[in-house]
Every structure is written in structure tokens, then in C-alpha cells.
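Colleague: This is the structure, below, for whatever I ask next.
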Amino acid sequence: MSEETTANTGRYGGRPAGPDASGGTDPDGPEPLPGTWAYAVGAGASGPRAGYEVPVARPAPPGYGGAGGPTGPDPSQGRGPAAGPVVDPARARGGRRRRPAVARPARTELLRKLLPQALVVVFLAGGTSAFLVSDKAVRLTVDGVPRTLHTFADDVGELLDAEGVAVGGHDIVAPGPAAALASGDEVVVRYGRPIALTLDGTRRTIWTTAETVEDALRQLGVRAEGAYLSASRSDGITRAGLALDVRTERAVTILADGRARTLRTNAATVARALAEAGIALDGEDTASVPLDAFPLDGQTITVLRITGSRQVREEPVPYDTIRTADPGAFTGTETVVQQGRPGTRRVTYALRTVNGVREKPRKVAEETLRRPVTQRVRYGTRPLPRSVAGTSGLDWDALARCESGGRANAVDPSGTYGGLYQFDVSTWRSLGGTGRPQDAPAPEQTFRAKKLYVQRGAAPWPHCGRRL
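If you use full-length UniProt numbering, the sequence shown corresponds to residues 1 to 468, in order.
Below, the structure is given as C-alpha cells:
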């Protein structure tokens, strides 16, 4: 009885494959003959290995002969092997080989294994495309130093941050930090530099992006022709800045010794401008503008030729007067208690002639030689009596006109008698008066004349007494 080898469906769910020349399996090769089939999980290895089932000999079905048609078993052969080769029925019928159908579960399992790998490939391909699209080639110039670089930054600000380029309020970035970036763009950064500038005597601090003194002057609009510069025009300006003194050329008119001359100068002081003009100052000579002042454009400076001398004079020093009230004296009465006396001082004056014109003397020194004596005066505050008994009805005005012409301060030619009623000093004081009668007020003089009349009648006035 003949036997044939029948393929096992296997436990891996693979599709049938025939062995190639090396003993492996070729899924696209010719279909294997019965007795040589195997199901592959892997490929390329020869011999039995993982994922493969080894063929097992099983009895052939009855009526399937070894030489060709359906015949019964050969009794003479017993149970030995078949006399002829085993022929595939499908090949025997039509000569064409049919590919056996693959089970659907096996194909699903294969797709499940291949799908993650395909997704990884797609992701890597898309990432590479995005990488190539986001990369930009830009030109970055920082303070005149250019370089070309590749960046993924979306705008100028991101580019500067990525490159470690810090900018401040005095720096210039073109285009601005918010500008979008595209491949081929150029970004320029110019750092600000502080300059402590003294321009024609005026000091200030300015910021500039210029890298040389000449460029800074051009930015500031300063005319450098004929100007004084404390630094060379070609000197560089670092980010730390520098101090720069600039004096531009100015036109100054100088009037001296009857002549006028115009000078173009960048001098720092009037004195220096005069020296450049060849004008010397001698002695007390000076100018109409302070010599240490900064000469201005269009200014006129007059030179003052000065000659001077000193003069010493002695002058009186006036005294002060102190007045004190005296309640015992009648109102209007004043008495000099201490006579005042002026003092003396020595004063030195400077006499100056400017361009031939003499100026007012100027006091430059003073010395006291004698101090003044203060005058002290007492004045009465006692009210005068309105009348004196026994004197009413008399014409005192007529008596006064006859004696003194009605003048309270009248004094006779001899100087002995004074006042309205021509009292002598002794009589005046005997009546209670103080000082001299001509110094007393008119009411007091009349009051004392009435007292004298009570004592002696009209006798004190032998010529005018009859006018009473």
C-alpha cells in the first residue's frame, strides 16, 4: 500500500510556500508538490525552524494509485512504499497549477504587524518635510559683522534670542523684532553708544549707533570743518562710549584801540580769542565780556583800556539823636540834655578811567577816626494851663507884635532877649521855663509872659506894655 505526505495546516496561520534552492521558502515561487509543503512565519532559513511545521507521513486515501488512476492496492507489494511518484491531481488534470487559497485570519494578522511600521515611515517622511520647510537661511549683521545662518525662528525677535543677541532701548534693529522671517531675509542690528558731548560749551549725553567719531558728528549734524575735536575723527567708538569735546568755528568781532576786527576762531575762552587776534591786555585792562566766558558766534567783544588811581578823604560821621519824654515840662517844650557831636572817618576811593572816560569814584576802604557823640533831648508832655488869674482881657497878640513882630523864635541883635515877648534867659527860667525862650513853643511863651505880668505888671515891657 502506498503512502503520501500530506501538508499540515500548521498552528501559525501562514500561507503555503514551497522551498527554494537553499531550502527556504519562496512565497512567489512555484507551488510545492505534495509531501514538501510548509507554512512560513519567517523566510530565508533552511531546515526546520521557529514558525515552521515539519512534514508527517500519513496514509493515502483509498483508490489513489501511485502510477496514475484510481486503482486498488497491489497485493504483491504489501505495505511498502508506492511504486511510482506521487502526482498532484490538479496537475494531472489540466497541467496548470492553482494557488491554494490563503486563510483570511492570516492576512489580517499580517496587516496588523505591518501597519505600525508603515505609520512610522509616514511620520518620519512628514517630519522631514516639515523640517525642510521650517528651516530658513537668513543673513544677520551685528555692528557691521555679517554672517549667514539657518534658523527655525518665526520672527526677528526669536532669531535674536536664539543667537544670544541682546538689544536695548538705544539699539536699532531692522526690521523690527516683531517682523516675520522668511528665507533670504537680512536682519541688521546696530548697538547704541553713549557720548558725553560738550558742544560749544554746552554739555549733554547723547546716544548714537555710529562706530567712529566722524560718523557720530555726521549723525548729529555738527559742522566739523575748522572745529576743535578732542578725539580724532577716525577714532572708533566702543559700546562703553567716550567723552567728546567739540568747539565749532565761530565769527567774533573785537573792538580794541579804536579798531574793529572780525576773527574766525574755535577758542574756548574770550581771553584765548583775544590772544589769537594779537590783542594784549595790560594792567587793569579787561573786556566787555568775562575773559573766561565762551565766545559765541556773531558776538562783539570790546576791549576796555583802564587806568586808575586812589584818593583818600576824611568825612564827618553824623551823630544820632535820642528823645526822651519829660512829664514835668509843658507840651511843646524840648530840652537838649547832651549835645551831639559828629565823628570823623577816612575813606579811600578808586578812581578809574575807561577808554579815556572817567567813571564815578568807587569806595574801596573806610576807617573811623573819631566816633560821633549822640545827642539826647527831653520833651515835655505836661498840658499847658488855659489861663492865668488876673490876665484876662489883655491883648497878648498886640504885645507880641510890638516886641518881636509876632515871631516865636525872634532874637534881639544883642542876643540877650528872645521869643515872642523878648525874655532874657534868667527871667525865663525863673518863671519855670527850660532852655532858651525862643526855643519854646508859642503857647508856653504866652503862658510864662502872663505869669510875669501877674508878678510885675507891664514893667518888663517898657515900650510895648501899653499895647496890652
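The C-beta atom is built at its ideal place from N, Cα and C for all residues, glycine as well.
Across which residues does DSSP place residue 278 in a beta bridge pair?
Modeller: Paired residue(s): none; residue 278 is not in a bridge.
Colleague: Out of 433, 378, 408 and 458, which has the shortest C-alpha to C-alpha gap to residue 553?
Modeller: Any question about residue 553 goes unanswered here, given that the chain covers just 1 to 468.
Colleague: Using the Cα positions of residue 84 and residue 114, report the straight-line distance between them to the nearest angstrom.
Modeller: In this predicted model, residue 84 has a pLDDT of only 45, less than 50, meaning its place in the structure is not dependable; the value taken from the coordinates is given anyway. Computed Cα separation, rounded: 44 Å.
Colleague: Nearest-angstrom Cα distance between residue 367 and residue 339?
Modeller: Looking at the two C-alpha atoms, the distance is approximately 24 Å.
Colleague: So for residue 155, helix, strand or coil by DSSP?
Modeller: The answer is strand: DSSP assigns residue 155 an E or B state.
Colleague: When you compare only the Cα positions, how much space is there between residue 372 and residue 345?
Modeller: Straight-line Cα distance between these residues: approximately 10 Å.
Colleague: Measure the beta-carbon distance from residue 295 to residue 267 and round it to whole angstroms, keeping in mind my assumption that it falls under 8 Å.
Modeller: Sure, about 6 Å apart at Cβ, within 8 Å.
Colleague: By Cβ distance below 8 Å, which residues in the same chain neighbour residue 353 in space, the five residues on each side in sequence not counted?
Modeller: Cβ within range, chain order: 306, 307, 308 and 359.
Colleague: What does the alpha-carbon distance come out to for the pair residue 184 and residue 147?
Modeller: Approximately 12 Å between the Cα atoms of the pair.
Colleague: Would you mind reading off the limits of the alpha helix (DSSP H) that contains residue 315?
Modeller: From DSSP, residue 315 is part of no alpha helix (DSSP H) but of the beta strand (DSSP E) over 306-317.
Colleague: Assuming residue 151 contacts residue 159 (C-beta within less than 8 Å), just tell me the rounded distance between them.
Modeller: Confirmed, Cβ separation roughly 5 Å.
Colleague: Between which two residues does the alpha helix (DSSP H) holding residue 427 run?
Modeller: Unbroken alpha helix (DSSP H) run through residue 427: 425-430.
Colleague: Return yes when the Cβ of residue 303 is within less than 7 Å of the Cβ of residue 287, no when it is not.
Modeller: Yes, the Cβ-Cβ distance between residue 287 and residue 303 is below 7 Å.
Colleague: Report yes if the C-beta distance between residue 343 and residue 370 is below 7 Å; otherwise report no.
Modeller: Cβ atoms of residue 343 and residue 370: closer than 7 Å.
Colleague: Could you give the DSSP three-state label for residue 87: helix, strand or coil?
Modeller: Low confidence applies here, because residue 87 scores a pLDDT of 46, under 50, leaving its location unreliable; read the following figure in that light. Here residue 87 sits in coil by DSSP.
Colleague: Could you have a look at residue 436 and say whether DSSP puts it in helix, strand or coil?
Modeller: Of the three classes helix, strand and coil, the one that applies to residue 436 here is coil, per DSSP.
Colleague: Kindly identify the DSSP beta-bridge partner or partners of residue 463.
Modeller: Paired residues: none, contrary to the question.
Colleague: Excluding the 5 residues flanking residue 427 on each side, which residues of the same chain have their C-beta closer than 8 Å to its C-beta?
Modeller: The answer, listed in chain order, is 452 and 460.
Colleague: Return the CA-CA distance between residue 174 and residue 168, expressed in angstroms with no decimal places.
Modeller: Taking the straight line joining both Cα atoms gives about 13 Å.
Colleague: Residue 388 to residue 399, Cα distance in whole Å?
Modeller: Distance between the alpha carbons of residue 388 and residue 399: 17 Å.
Colleague: Is it buried or exposed for residue 52, if we count other Cβ within 10 angstroms and need 16 for buried?
Modeller: Low confidence applies here, because residue 52 scores a pLDDT of 34, under 50, leaving its location unreliable and the question unanswered by this model.
Colleague: Measure the C-alpha to C-alpha separation of residue 356 and residue 316 and round it to an integer number of angstroms.
Modeller: Using only the alpha carbons, I get a separation of about 32 Å.
Colleague: Using the beta-carbon count (16 or more within 10 Å), is residue 144 buried or exposed?
Modeller: Its Cβ having fewer than 16 others within 10 Å, residue 144 is exposed.
Colleague: Taking the alpha-carbon positions, what's the residue 395 to residue 408 distance?
Modeller: Roughly 16 Å separates the two Cα atoms.
Colleague: So, at 7 Å on beta carbons, what are the nonlocal neighbours of residue 227 in its own chain, with the 5 sequence-adjacent residues on each side left out?
Modeller: For residue 227, where only same-chain residues beyond five positions count, the Cβ hits under 7 Å are 246, 247, 248, 249 and 266.
Colleague: Residues in the same chain with beta-carbon distance under 6 Å from residue 446, minus the five sequence neighbours each way, listed in chain order, please.
Modeller: Counting only Cβ-Cβ distances below 6 Å, and skipping sequence neighbours, we find 396.
Colleague: Could you spell out where the beta strand (DSSP E) holding residue 222 opens and where it closes?
Modeller: Taken as a continuous stretch (DSSP letters only), residue 222 belongs to no beta strand (DSSP E), as it is neither H nor E.
Colleague: Terminal residues of the continuous beta strand (DSSP E) containing residue 379?
Modeller: Taken as a continuous stretch (DSSP letters only), the beta strand (DSSP E) holding residue 379 covers 375-382.
Colleague: Measure the C-alpha to C-alpha separation of residue 170 and residue 190 and round it to an integer number of angstroms.
Modeller: Straight-line Cα distance between these residues: approximately 9 Å.
Colleague: Measure from the alpha carbon of residue 401 to the alpha carbon of each residue in 420, 270 and 375, then state which is nearest.
Modeller: Taking only the C-alpha atoms, the option nearest residue 401 is 420.
Colleague: In or out: residue 444 buried (at least 16 other Cβ within 10 Å) or exposed?
Modeller: Flag for residue 444 reads buried.
Colleague: Of the choices 313, 277, 392 and 136, whose alpha-carbon is the least far from that of residue 351?
Modeller: The candidate whose alpha carbon is nearest that of residue 351 is 313.
Colleague: Are the region 251-258 and the region 209-216 touching by the rule of at least three beta carbon pairs closer than 8 Å?
Modeller: Short answer: they don't touch.
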